[in-house]
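>
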Amino acid sequence: MSHIPVMAEEALEGLAIRPDGSYVDGTAGAGGHAALIAGRLTTGRLLALDRDPLAVAMATERLAPYPQARVRQSNYGAMAEVLSELGWGLVDGILIDAGCSSMQIDTPARGFSFQEDGPLDMRMDPGSGEPASALLNRLSAPEIETLLREYGDIGPAGRIAASIKDFASRGRLATTSDLVVAVRAALPFLRETPEEVRTVFQAIRIAVNDELSGLQRALDASLDCLKPGGRLVVISFHSGEDRIVKQAFRSASRKARRLRPDGRVASETPARVRVLTPRPVTANDAECRVNPRAKSAKLRIAERLPQR
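1695 is the number that the working numbering gives to position 304 of the sequence shown; each next residue is one higher, with no gaps.
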């Protein structure tokens, strides 16, 4: 299935793109959002980042008709360093489309999907970190349980963690099919494929790629990279992701005070952003029918304030 960028019109509207502006797509993926941004630029420029080398190759091909676009392999948390290397300075807008992309899920050899057999990897950057199979072999059953609860909000996390560890200890946890069987073995009273299979895969993927901590770093970096009036647009798909975005925007939209030991105010830092979405924007029914992935998407927008 071809890649369909989620909430494309809402994202472009949120960025308030100027033809002569500078923009960053921090999660280029297959280049869907990036191509739409580049198509609205004249003398402006776009930097497209992704940690996945396959995504970089796909985005490079997709953006080839746009000389105003540059593609780099980099984690979005390092966007400040990449912008500095390019000599760009602050930018007018940043887009972050969190989580994994459909092209990663649709490639069995990457190990993201429970619907196709493949090596149990799940790394967005296959050249760094440890694959899911190694992580699950290294962690204890209680540590796996904690992982499942924190990143998947999984009820029977203890039963599933014990089963996963049992399979790992017997050398039977090398493929995605092995992991599916391990989850099903923990829930023998369910005939159909349990919903927990999907959430277990999601939780392990988040852990393998350190996604939630990475998103927090990316949000901090983004605020430092925006010009006054610049927009940050974030699309999230997981409740944990949206919670991080919401809290980051809320914190940055308030004054920060440093207190003396006696309680008096030592210094005060003004708010850094204005939140433009008190509630997250969600995809309409028409888009959800065409692109089911959009059903869980939430979009939030913040605008950088001048620093007094």
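C-beta atoms are modelled at their ideal positions from N, C-alpha and C, and glycine is treated no differently.
Only a predicted model underlies this, so the values are computations on that prediction, with no experimental measurement involved.
Along the beta strand (DSSP E) that carries V1625, what are the first and last residues, could you check?
Taking the first residue of the sequence shown as 1, we reach residue 1625 at position 234. Element bounds for V1625: L1617 to S1627.
> Am I right that G1435 and Q1459 are in contact with their C-beta atoms under 8 Å? What's the rounded C-beta distance?
Position 44 of the sequence shown, counting from 1, holds the residue named residue 1435. Position 68 of the sequence shown, counting from 1, holds the residue named residue 1459. The C-beta distance from G1435 to Q1459 rounds to 6 Å, short enough to meet the 8 Å contact threshold.
> To the nearest angstrom, report how far apart P1619 and R1665 are at their CA atoms.
Walking along the sequence shown from the start, residue 1619 turns up at place 228. Walking along the sequence shown from the start, residue 1665 turns up at place 274. Approximately 11 Å, taken between the alpha carbons.
> So, are the CB atoms of L1539 and A1552 less than 8 Å apart?
Taking the sequence shown and counting its residues from 1, the one referred to as residue 1539 is at position 148. Taking the sequence shown and counting its residues from 1, the one referred to as residue 1552 is at position 161. Yes; because the gap between Cβ atoms is below 8 Å, this pair is in contact.
> For M1392, I'd like the list of residues in its chain whose CB is within less than 8 Å of its CB, leaving aside the five on either flank, ordered along the chain.
Along the sequence shown, one-based indexing puts residue 1392 at 1. The pLDDT assigned to M1392 is 40, lower than 50, so where the model puts this residue is not dependable, and the model offers no usable value.
> Using CA atoms only, rank isn't needed, just tell me which of A1573, L1667 and L1445 is closest to Q1464.
Sequence index remark: in the sequence shown, residue 1464 carries index 73 (1-based). That would be L1445, whose Cα lies nearest to the Cα of Q1464.
> Compare the Cα-Cα distances from E1507 to each of R1589, A1662 and A1647 and report the closest residue.
As a working note, residue 1507 is residue 116 in the sequence shown. Of the listed residues, the one whose Cα sits closest to E1507 is R1589.
> My guess is that L1432 and V1473 are in contact by the Cβ rule of under 8 Å, so how many angstroms apart are they, rounded?
As a working note, residue 1432 is residue 41 in the sequence shown. As a working note, residue 1473 is residue 82 in the sequence shown. Not quite, the Cβ-Cβ distance comes to about 18 Å (not below 8 Å), so this is no contact.
> Can you name, in chain order, every residue of its own chain whose Cβ lies under 6 Å from the Cβ of G1344, other than the five neighbours on each side?
This structure does not reach residue 1344, given that the chain is present from 1392 up to 1699, and the question cannot be answered.
> Comparing C-alpha positions only, which one of R1670, E1659, R1529 and T1566 sits nearest to V1625?
By one-based count along the sequence shown, residue 1625 stands at place 234. Shortest Cα-Cα distance from V1625 to any of R1670, E1659, R1529 and T1566 involves R1670.
> Between the stretch 1631–1644 and the stretch 1605–1616, do at least 3 Cβ pairs fall closer than 8 Å?
yes
> I need the DSSP call for I1487, collapsed to helix, strand or coil.
In the sequence shown, residue 1487 corresponds to position 96, counting from 1. Note: I1487 maps to strand in three-state DSSP.
> Measure the alpha-carbon distance for L1490 versus S1504 and round it to whole angstroms.
Along the sequence shown, one-based indexing puts residue 1490 at 99. Along the sequence shown, one-based indexing puts residue 1504 at 113. A quick correction: the sequence has Gly, not Leu, at residue 1490. Computed Cα separation, rounded: 14 Å.
> With a CB to CB cut of under 7 Å and the five nearest residues on each side skipped, what residues in its chain are close to I1535?
The count along the sequence shown starts at 1 and reaches residue 1535 at position 144. Here the set comprises L1527, A1552, I1555 and K1556.
> What are the boundary residues of the beta strand (DSSP E) that includes E1659?
Within the sequence shown, numbered from 1, the residue matching residue 1659 stands at position 268. Its beta strand (DSSP E) spans residues V1656 to T1660.
> Spatial neighbours of P1410 within its chain, please: C-beta separation below 8 Å, excluding the five flanking residues on both sides.
Along the sequence shown, read from residue 1 onward, the residue named residue 1410 stands at position 19. For P1410, where only same-chain residues beyond five positions count, the Cβ hits under 8 Å are R1431, L1432, T1433, T1434 and G1435.
> Taking all protein chains shown into account, do 16 or more other C-beta atoms lie within 10 angstroms of the C-beta of V1397, making it buried, or fewer, making it exposed?
Indexing the sequence shown from 1 puts residue 1397 at position 6. Flag for V1397 reads buried.
> Only counting the same chain, and skipping five residues up and downstream in sequence, which positions put a Cβ closer than 7 Å to that of R1684?
Taking the first residue of the sequence shown as 1, we reach residue 1684 at position 293. Closer than 7 Å at Cβ, skipping near neighbours: V1397 and S1493.
> Of the choices H1629, T1418, A1429 and L1440, whose alpha-carbon is the least far from that of A1455?
In the sequence shown, the residue the question calls residue 1455 occupies position 64. It is A1429.
> Consult DSSP for K1689 and reduce its assignment to one of helix, strand or coil.
As a position in the sequence shown, residue 1689 is number 298, starting the count at 1. In the displayed model, K1689 falls within a strand according to three-state DSSP.
> Go ahead and pull the three-state DSSP assignment for T1567.
On the sequence shown, residue 1567 is found 176 positions in, with the first residue counted as 1. Three-state result, T1567: helix.
> Return helix, strand or coil for T1673, following the three-state DSSP convention.
Indexing the sequence shown from 1 puts residue 1673 at position 282. Looking at T1673 - three-state DSSP - the assignment turns out to be strand.
> From A1399 to D1441, what does the alpha carbon distance come to, in whole angstroms?
Your numbering for residue 1399 matches position 8 in the sequence shown. Your numbering for residue 1441 matches position 50 in the sequence shown. Spanning the two alpha carbons is a distance of roughly 18 Å.
> Quick check on the DSSP output: the beta strand (DSSP E) that includes D1384 runs from which residue to which?
Not covered by the structure: residue 1384. The range shown for the chain is 1392 to 1699.
> How is P1510 classed by DSSP in three states: helix, strand or coil?
Indexing the sequence shown from 1 puts residue 1510 at position 119. The answer is strand: DSSP assigns P1510 an E or B state.
> Measure the beta-carbon distance from P1547 to E1587 and round it to whole angstroms, keeping in mind my assumption that it falls under 8 Å.
Walking along the sequence shown from the start, residue 1547 turns up at place 156. Walking along the sequence shown from the start, residue 1587 turns up at place 196. The Cβ separation is near 7 Å, so the contact holds.
> By DSSP, does E1472 sit in helix, in strand, or in coil?
As a first step, residue 1472 is located in the sequence shown; it is residue number 81 there, counting from the start. If DSSP states are grouped into helix, strand and coil, E1472 belongs with the helices.
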